[in-house]
Amino acid sequence: MTFKIEEIQAKSIISATKVPSADYVINPYTGCQFGCMYCFASFMGRFVGESNQNWGNYVYVKSNAVELIQKDILRLMKKSPHPRVILSTVTDPYQGLEKKYRLTRGILQTFASHQYQGRIGVLTKSPMILDDLDILKKIPNVEVGITITTSDDKLSRFLEIAAPSASARLKTLRALNDAGIQTYAFVGPLLPHMKHKPELLDKLFSEIKAAGTSTVKVEYLNLPQYVRSRMNDVIQQESEEIQVIYQNSQSENYREALEAIIRGYLDKYEFRLYFDEIVHHISKQNLVENNG
Ligand code: SF4
């Protein structure tokens with residue numbers, strides 16, 4: 000199957016959001032080259048005429064994104080305090096195409112050059128964010144989240160088909176911390192493999208801490224029907240134990256048992272838990288914050 004890339008002119012680039020950590024979201028691309036099997040954002044296909052199953056095979060590039068934000072920022076800056084903005088919630092702002100289009104870079108540059116005071120959050124799985132360290136350092140109130148669901152590169156490759164390896168993400172986290180950028184690790188979704196072997200979680204949290212990050216955002220595996228239809232295909236290739244855990248993963252008992260394990264590791268490694276809770280939002284499809 001050939002990968003489809005289409006340049007489009009977006010009508011707007013910034014949208015109000017109900018996600019708890021931001022007032023506005025910016026998604027410079029529709030679609031994502033990383034194609035994670037658990038991706039909540041696959042529902043975005045319906046806005047561009049793509050099927051859910053085709054997620055990971057197309058990207059619509061909002062070529063005028065930087066032009067649009069240059070106008071929008073003036074409107075945002077009239078508000079007091081300046082609203083919190085996050086890139087991105089339904090795409091990865093540093094997927095491979097960013098190398099060519101540099102939309103995320105242009106957007107961040109705009110916030111930096113206006114010395115925008117509101118919180119700018121960036122959430123990604125990609126080391127390419129390090130290309131923009133110079134700009135990140137110039138934004139007064141920036142926070143970068145790196146999504147790391149496992150420290151096992153093999154497992155990561157299995158479910159996060161074309162995303163950078165887990166070890167590359169851990170290295171990125173360390174480089175960001177070394178550069179003095181405020182970071183957190185987004186551990187989500189919690190894969191069934193982690194419940195099967197909690198020592199994998201122990202290793203993951205220990206490596207995040209060793210990378211210099213002390214805040215984590217954690218999210219359960221949320222399986223609305225459109226996510227389940229993609230996940231089922233890959234989980235069938237897993238062991239029976241994993242399949243059983245996966246089938247049980249949406250129950251309250253499951254979440255309670257997992258929370259006890261997670262809380263133990265948070266205490267062990269002295270992490271601050273974002274929102275002070277593990278995110279669970281299956282019934283709130285529009286509160287998507289689990290991507291990047
Ligand atoms: S989870 Fe994030 S990186 Fe993965 S496909 Fe979805 S938007 Fe892209």
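Here numbering that gives the first Met the number 0 is used: the first residue of the sequence shown is 0, the next is one more, and so on.
Glycine residues also receive a C-beta, built at the ideal position from the N, C-alpha and C atoms.
DSSP three-state assignment for residue i, whether helix, strand or coil
{"i": "I106", "result": "helix"}
{"i": "G263", "result": "helix"}
{"i": "I147", "result": "coil"}
{"i": "F310", "result": "A question about residue 310 goes unanswered here, because the residues of the chain that appear run from 0 up to 291."}
{"i": "T182", "result": "strand"}
{"i": "N285", "result": "Residue placement at N285 is poorly supported in this model, since its pLDDT is 36, which falls under 50; the coordinates still yield a value, given next. Coil at N285, not helix or strand."}
{"i": "A359", "result": "Nothing can be reported for residue 359: it is not among the residues displayed for the chain, which extend from 0 to 291."}
{"i": "P19", "result": "coil"}
{"i": "K137", "result": "coil"}
{"i": "T123", "result": "strand"}
{"i": "L189", "result": "coil"}
{"i": "I12", "result": "coil"}
{"i": "T88", "result": "coil"}
{"i": "T212", "result": "coil"}
{"i": "K78", "result": "coil"}
{"i": "L222", "result": "coil"}
{"i": "G48", "result": "coil"}
{"i": "Y245", "result": "helix"}
{"i": "L272", "result": "strand"}
{"i": "K196", "result": "coil"}
{"i": "T171", "result": "helix"}
{"i": "Y115", "result": "coil"}
{"i": "E6", "result": "strand"}
Closer than 7 angstroms to chain C by CB, residue i
{"i": "I261", "result": "This model lacks chain C altogether, as it is built from one protein chain only."}
Cβ neighbour criterion (16 or more within 10 Å) applied to residue i
{"i": "Q284", "result": "The predicted model places Q284 with a pLDDT of 42, which falls under 50 and marks its position as unreliable; any figure quoted below should be read in that light. Under this definition Q284 is an exposed residue."}
{"i": "L102", "result": "buried"}
{"i": "K77", "result": "exposed"}
{"i": "A256", "result": "exposed"}
{"i": "D91", "result": "buried"}
{"i": "I7", "result": "exposed"}
{"i": "R45", "result": "exposed"}
{"i": "N247", "result": "exposed"}
{"i": "D22", "result": "buried"}
{"i": "P19", "result": "exposed"}
{"i": "F270", "result": "buried"}
{"i": "Q32", "result": "buried"}
Under 7 angstroms between C-beta atoms of residue i and residue j
{"i": "N56", "j": "F2", "result": "yes"}
{"i": "Y93", "j": "I128", "result": "yes"}
{"i": "P126", "j": "A167", "result": "yes"}
{"i": "D131", "j": "R156", "result": "no"}
{"i": "A210", "j": "L154", "result": "no"}
{"i": "L192", "j": "E240", "result": "A small correction: the amino acid at residue 192 is His; Leu does not occupy that position in the sequence shown. Against a cut-off of 7 angstroms, the Cβ pair of E240 and H192 comes out as no contact."}
{"i": "Y219", "j": "I277", "result": "yes"}
{"i": "V186", "j": "T88", "result": "no"}
{"i": "T182", "j": "T212", "result": "yes"}
{"i": "Y59", "j": "G95", "result": "no"}
{"i": "K61", "j": "A15", "result": "no"}
{"i": "Q249", "j": "L272", "result": "no"}
{"i": "F204", "j": "Y253", "result": "no"}
{"i": "H81", "j": "Y28", "result": "no"}
{"i": "I374", "j": "V217", "result": "Not covered by the structure: residue 374. The range shown for the chain is 0 to 291."}
{"i": "T109", "j": "I85", "result": "no"}
{"i": "G117", "j": "R74", "result": "no"}
{"i": "I160", "j": "G34", "result": "yes"}
Original post:
Looking at C-beta atoms only, is the number of pairs between the stretch 102–122 and the stretch 134–143 that lie closer than 8 angstroms three or more?
Top reply: yes
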